[in-house]
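**Student:**
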Amino acid sequence: VNRVRDVVKEGDEIIVKVTEIDRQGRINLSRKEAIKALRRKTEK
Numbered sequence: 236v237n238r239v240r241d242v243v244k245e246g247d248e249i250i251v252k253v254t255e256i257d258r259q260g261r262i263n264l265s266r267k268e269a270i271k272a273l274r275r276k277t278e279k
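Okay, so the sequence shown: first residue is 236 according to the numbering used here, each after it adds one.
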């Protein structure tokens with residue numbers, strides 16, 4: 236996705252996974268990883 240706004244809008248609530256917090260405190264998130272984790276969890 237090039238722009239997050241193409242997928243969600245402000246106020247939407249979605250499930251994401253924190254993949255990294257860099258030295259400046261910026262947070263990288265992954266929706267794809269969160270969905271994979273949910274699928275693995277529900278398959279058990």
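We put the CB at the ideal spot given by N, CA and C, even for glycine.
Bear in mind that the values here come from a model prediction, so they are computed numbers and not experimental data.
Figure out for me which residue from ASP241, VAL242, VAL253 and ASN237 has the closest Cα to the Cα of SER265.
**Tutor:** The shortest C-alpha separation from SER265 is found at VAL253.
**Student:** Just to confirm the assignment, what range does the beta strand (DSSP E) spanning GLU255 have?
**Tutor:** Taken as a continuous stretch (DSSP letters only), the beta strand (DSSP E) holding GLU255 covers 252-256.
**Student:** To the nearest angstrom, how far is it from the Cα of VAL242 to the Cα of ILE249?
**Tutor:** Those two C-alpha atoms are separated by around 11 Å.
**Student:** By DSSP, does ILE249 sit in helix, in strand, or in coil?
**Tutor:** Note: ILE249 maps to coil in three-state DSSP.
**Student:** What's the gap between the Cα of LEU273 and the Cα of ARG258?
**Tutor:** Roughly 28 Å separates the two Cα atoms.
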